[in-house]
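A.B. asks: Residue numbers (the UniProt record's numbering): 1 to 389.
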Amino acid sequence: MRILVLGGDGYLGWPTALHLSDCGHEVAVADNFARRSYDHEMGVQSLVPIEPLQQRVDAWREVSGKEIALYGGDLVDGEFTVGMVRDFRPDAIVHFAEQRAAPYSMIDRKHAVYTQHNNVVGNLNVLFAIEEVDPEIHLVKLGTMGEYGTPNIDIEEGWLEVTHKGRTDRMLYPKKPGSFYHLSKVHDSHNIEFACRIWGLRATDLNQGVVYGQETPQTARDPRLATRFDYDAIFGTVLNRFVIQAVLGHPLTVYGTGGQTRGLIDIRDTVECIRLAAENPAERGEFRVFNQMTESFSVGEIAKVVANSYDGAVDVEHLDNPRVEQAEHYYNVVHTGLVELGLDPHLLSNTLITSLFGVAEAHKHRVDSAAMRPTVQWRKPASPMRDQG
1 MRILVLGGDG YLGWPTALHL SDCGHEVAVA DNFARRSYDH EMGVQSLVPI EPLQQRVDAW
61 REVSGKEIAL YGGDLVDGEF TVGMVRDFRP DAIVHFAEQR AAPYSMIDRK HAVYTQHNNV
121 VGNLNVLFAI EEVDPEIHLV KLGTMGEYGT PNIDIEEGWL EVTHKGRTDR MLYPKKPGSF
181 YHLSKVHDSH NIEFACRIWG LRATDLNQGV VYGQETPQTA RDPRLATRFD YDAIFGTVLN
241 RFVIQAVLGH PLTVYGTGGQ TRGLIDIRDT VECIRLAAEN PAERGEFRVF NQMTESFSVG
301 EIAKVVANSY DGAVDVEHLD NPRVEQAEHY YNVVHTGLVE LGLDPHLLSN TLITSLFGVA
361 EAHKHRVDSA AMRPTVQWRK PASPMRDQG
């Protein structure tokens with residue numbers, strides 16, 4: 001298959017491109033390098049050094065003998081997007097290319113507007129490009145479990161059969177997102193479903209849990225192939241952040257009581273889920289949804305797993321929760337679709353966490369400790385007038 005990976009320079013996009021290439025697919029990556037610019041804006045850096053994308057592509061050629069085509073441009077530019085799709089003529093498009101951090105979207109008005117404009121407009125341009133160039137192209141879109149929120153009923157895979165006053169219908173599962181970022185993903189899902197319904201497109205929406213880990217079999221083959229490892233309070237995922245804090249001897253910073261439950265997935269399973277979805281496309285006109293997670297833990301439970309896995313004393317510090325979310329809640333997620341396609345999950349283990357401790361230990365000199373403290377408050381967005389006051 002010919003597969004175009006949008007956001008191919010990112011934490012997940014890059015290892016996904018390598019995995020698909022290693023599995024024999026013809027792969028191209030596209031990126032506008034916005035994620036690297038966020039590091040400059042926030043004054044942070046990936047814990048693990050990452051090479052420029054062209055050097056990564058060159059290194060993969062040296063290691064594997066396989067080529068990955070490269071497109072540089074912004075999906076918000078509709079002409080660039082349709083031109084790229086027409087030039088590469090993919091069988092499938094894997095879409096990672098969005099601003100992915102809830103805290104970033106909640107900083108202030110500017111960041112909220114940027115997030116929704118970047119994500120929603122870019123996704124719309126991809127849909128229009130597919131319709132114009134070849135409606136047979138299968139869109140594999142990365143969504144998030146955060147679209148659902150934490151309802152007091154089981155979370156089905158995207159669709160829900162509802163009976164109301166004696167009548168029954170199948171409809172999209174109700175969403176209760178927790179940030180302007182998560183709202184952008186909901187808008188994407190609705191736009192994709194609409195495009196499938198009116199244009200007969202085929203799409204798979206992967207509502208992904210919190211990803212942890214830093215290595216895949218492909219990235220481990222050469223240091224130049226490493227993907228990024230974010231630990232800061234804006235872009236770092238909770239388990240990765242806890243690992244860094246344990247290695248530094250800092251308390252694990254748990255927001256609130258720690259009763260908030262998250263769906264988790266190993267980075268190795270993320271790239272395999274993408275392969276399975278791409279190789280088993282949705283039907284024409286089908287908006288297919290999979291919940292891309294393998295297990296769930298409360299934040300407090302994640303902290304205990306990390307603390308128990310570390311060979312040393314680890315303390316836990318409870319901070320006031322900067323987010324607006326339930327402290328304790330029901331959370332039962334259906335996630336059978338990808339397993340039925342053949343996913344054999346890696347469940348959270350001491351072995352995996354121990355390997356992450358090794359990564360953190362090797363690069364701990366690159367850590368900015370202050371960046372791990374939360375500064376973005378959901379209830380109080382920053383504003384120029386307020387800062388001046």
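Beta carbons: idealized from backbone N, C-alpha and C, even for Gly.
Whole-angstrom Cβ separation of Thr144 and Val94, contact assumed at under 8 Å?
C.D. replies: By 1-based counting over the sequence shown, the position of residue 144 is 144. By 1-based counting over the sequence shown, the position of residue 94 is 94. At roughly 15 Å, the Cβ-Cβ gap does not stay under 8 Å, so Thr144 and Val94 are not in contact.
A.B. asks: Give me, in chain order, the residues of the same chain whose beta-carbon lies closer than 7 Å to that of Glu361; leave out the 5 immediate sequence neighbours on both sides.
C.D. replies: Numbered from its first residue, the sequence shown carries residue 361 at position 361. Closer than 7 Å at the Cβ level, and outside the excluded window around Glu361, lie Val247.
A.B. asks: Could you tell me how far apart the beta carbons of His363 and Leu12 are, in whole angstroms, since I believe they sit closer than 8 Å?
C.D. replies: Your numbering for residue 363 matches position 363 in the sequence shown. Your numbering for residue 12 matches position 12 in the sequence shown. Not confirmed; about 19 Å, so no contact.
A.B. asks: When DSSP labels each residue in this structure, what does Asp266 get in the three-state scheme?
C.D. replies: Working through the sequence shown from its first residue, we reach residue 266 at position 266. Strand at Asp266.
A.B. asks: Using CA atoms only, rank isn't needed, just tell me which of Glu131, Asn119, Trp199 is closest to His182.
C.D. replies: Along the sequence shown, one-based indexing puts residue 182 at 182. Looking from the CA of His182, the closest CA among Glu131, Asn119, Trp199 belongs to Asn119.
A.B. asks: Whole angstroms are fine: how far does the CA of Pro177 sit from the CA of Arg268?
C.D. replies: Within the sequence shown, the letter at position 268 stands for residue 268. Within the sequence shown, the letter at position 177 stands for residue 177. So the alpha carbons of these two residues sit roughly 26 Å apart.
A.B. asks: Between the C-alpha atoms of Arg61 and Gly312, what's the straight-line distance to the nearest angstrom?
C.D. replies: The residue labelled residue 61 in the question sits at position 61 within the sequence shown. The residue labelled residue 312 in the question sits at position 312 within the sequence shown. Arg61 and Gly312: Cα-Cα distance of roughly 41 Å.
A.B. asks: Could you check the C-alpha separation between Tyr255 and Ser184 for me, to the nearest Å?
C.D. replies: For the purposes of this step, residue 255 is identified with residue 255 of the sequence shown, where counting begins at 1. For the purposes of this step, residue 184 is identified with residue 184 of the sequence shown, where counting begins at 1. So the two alpha carbons sit approximately 24 Å from each other.
A.B. asks: What is the rounded straight-line gap between the Cα of Ala102 and the Cα of Glu132?
C.D. replies: Indexing the sequence shown from 1 puts residue 102 at position 102. Indexing the sequence shown from 1 puts residue 132 at position 132. Their Cα atoms are separated by approximately 32 Å.
A.B. asks: Within 8 Å, do at least three Cβ pairs link the region 230–243 to the region 50–70?
C.D. replies: no
A.B. asks: Going by the beta-carbon positions, is the gap between Val85 and Ile274 smaller than 9 Å?
C.D. replies: Within the sequence shown, numbered from 1, the residue matching residue 85 stands at position 85. Within the sequence shown, numbered from 1, the residue matching residue 274 stands at position 274. Taking 9 Å as the Cβ cut-off, Val85 and Ile274 do not qualify as a contacting pair.
A.B. asks: Based on Cα-Cα distance, which residue from Arg89, Lys380, Val334, Gly8 lies nearest to Gly73?
C.D. replies: Within the sequence shown, numbered from 1, the residue matching residue 73 stands at position 73. Closest option to Gly73, Cα to Cα, is Gly8.
A.B. asks: Look at the alpha carbon of Gln292 and the alpha carbon of Thr163, and state the distance between them as a whole number of angstroms.
C.D. replies: As a first step, residue 292 is located in the sequence shown; it is residue number 292 there, counting from the start. As a first step, residue 163 is located in the sequence shown; it is residue number 163 there, counting from the start. Answer to the nearest angstrom: the Cα atoms are 27 Å apart.
A.B. asks: For the ligand ATP, I want to know if Glu325 counts as a neighbour, meaning its beta carbon is within less than 8 Å of at least one of the ligand's heavy atoms.
C.D. replies: Absence of the ligand ATP is noted for the structure shown, with no ligands found whatsoever.
A.B. asks: Measure the CB-CB distance between Gly263 and Val299 and report whether it falls below 9 Å.
C.D. replies: Taking the sequence shown and counting its residues from 1, the one referred to as residue 263 is at position 263. Taking the sequence shown and counting its residues from 1, the one referred to as residue 299 is at position 299. Against a cut-off of 9 Å, the Cβ pair of Val299 and Gly263 comes out as no contact.
A.B. asks: Tell me, please, which residues DSSP counts as bridged to Gly72.
C.D. replies: Residue mapping note: residue 72 aligns to position 72 of the sequence shown, counting from 1. Paired residues: Asp31.
A.B. asks: Ignoring anything shorter than 3 residues or poking outside the region 104–148, list the beta strand (DSSP E) runs there in chain order.
C.D. replies: 138–144
A.B. asks: Which same chain residues end up closer than 6 Å to Thr257 when comparing Cβ atoms and leaving out the 5 residues on each side of it in sequence?
C.D. replies: Taking the first residue of the sequence shown as position 1, residue 257 is located at position 257. Residues of the same chain with a CB within less than 6 Å of the CB of Thr257, apart from the 5 flanking positions on each side, are Ala327 in chain order.
A.B. asks: Could you tell me whether the region 191–202 touches the region 111–130, where touching means 3 or more Cβ pairs closer than 8 Å?
C.D. replies: yes
A.B. asks: Relative to the alpha-carbon of Asp77, which residue among Arg36, Ala92, Asn32 has its alpha-carbon at the smallest distance?
C.D. replies: Locating residue 77 in the sequence shown gives position 77, counting from the first residue. Considering only alpha carbons, the answer is Asn32.
A.B. asks: Would you call Pro281 buried or exposed, if buried means 16 or more other Cβ atoms sit within 10 Å of its Cβ?
C.D. replies: Taking the first residue of the sequence shown as position 1, residue 281 is located at position 281. Pro281 is buried by the Cβ-count criterion.
A.B. asks: Could you compute how far the alpha carbon of Leu352 sits from the alpha carbon of Glu79?
C.D. replies: By 1-based counting over the sequence shown, the position of residue 352 is 352. By 1-based counting over the sequence shown, the position of residue 79 is 79. Cα to Cα, the separation comes out at about 43 Å.
A.B. asks: Just how far apart, CA to CA, sit Asp222 and Leu18?
C.D. replies: For the purposes of this step, residue 222 is taken as the residue at position 222 of the sequence shown. For the purposes of this step, residue 18 is taken as the residue at position 18 of the sequence shown. Looking at the two C-alpha atoms, the distance is approximately 12 Å.
A.B. asks: Fully enclosed by the region 213–298, which alpha helix (DSSP H) runs are 4 residues long or longer?
C.D. replies: 238–248, 267–279
A.B. asks: Quick check: the Cα distance between Asn207 and Val289, rounded to an integer number of angstroms?
C.D. replies: Translated into the one-based positions of the sequence shown, residue 207 becomes position 207. Translated into the one-based positions of the sequence shown, residue 289 becomes position 289. About 7 Å.
A.B. asks: Quick one, which of Asp205, Ser179, Glu157 has its alpha-carbon nearest Arg170's?
C.D. replies: Indexing the sequence shown from 1 puts residue 170 at position 170. Of Asp205, Ser179, Glu157, the residue nearest in Cα terms is Glu157.
A.B. asks: I believe Tyr148 touches Ile155 by the beta-carbon criterion, under 8 Å. Please report the beta-carbon distance rounded to the nearest angstrom.
C.D. replies: For the purposes of this step, residue 148 is identified with residue 148 of the sequence shown, where counting begins at 1. For the purposes of this step, residue 155 is identified with residue 155 of the sequence shown, where counting begins at 1. With a Cβ gap of about 5 Å, Tyr148 and Ile155 count as contacting.
A.B. asks: Ordered along the chain, which non-local residues of its own chain (more than five positions away) have a Cβ less than 6 Å from that of Leu4?
C.D. replies: By one-based count along the sequence shown, residue 4 stands at place 4. Same-chain partners within the cutoff: Ala28, Phe88, Pro90, Ile93.
A.B. asks: Give the DSSP-derived three-state secondary structure of Thr351 in the structure shown.
C.D. replies: As a first step, residue 351 is located in the sequence shown; it is residue number 351 there, counting from the start. Helix at Thr351.
A.B. asks: By the DSSP assignment, the alpha helix (DSSP H) with Glu340 in it spans what residues?
C.D. replies: Position 340 of the sequence shown, counting from 1, holds the residue named residue 340. Counting along the chain, the alpha helix (DSSP H) containing Glu340 begins and ends at 337–341.
A.B. asks: How far does the beta strand (DSSP E) with Arg202 in it reach, from first residue to last?
C.D. replies: To locate residue 202, count along the sequence shown from 1; it is residue 202. Arg202 -> beta strand (DSSP E) spans 202–208.
A.B. asks: State the beta-bridge partners of Ile3 as determined by DSSP.
C.D. replies: Mapped onto the sequence shown, residue 3 falls at position 3. DSSP output for Ile3 lists Val27, Ala92 as bridge partner(s).
A.B. asks: So who's on the other strand from residue 392, going by DSSP bridges?
C.D. replies: The structure shown does not extend to residue 392, since the chain is modelled only from 1 to 389, so the question has no answer here.
A.B. asks: Excluding the 5 residues flanking Val57 on each side, which residues of the same chain have their C-beta closer than 6 Å to its C-beta?
C.D. replies: Walking along the sequence shown from the start, residue 57 turns up at place 57. These residues qualify, in order along the chain: Ile68, Leu70.
A.B. asks: Please list the terminal residues of the continuous beta strand (DSSP E) segment that includes His182.
C.D. replies: Position 182 of the sequence shown, counted from the start, is the residue given in the question as residue 182. Careful: His182 lies outside any beta strand (DSSP E), inside the alpha helix (DSSP H) at 180–199.
A.B. asks: Are there 16 or more other CB atoms within 10 angstroms of the CB of Arg379, so buried, or fewer, so exposed?
C.D. replies: Walking along the sequence shown from the start, residue 379 turns up at place 379. Arg379 comes out exposed.
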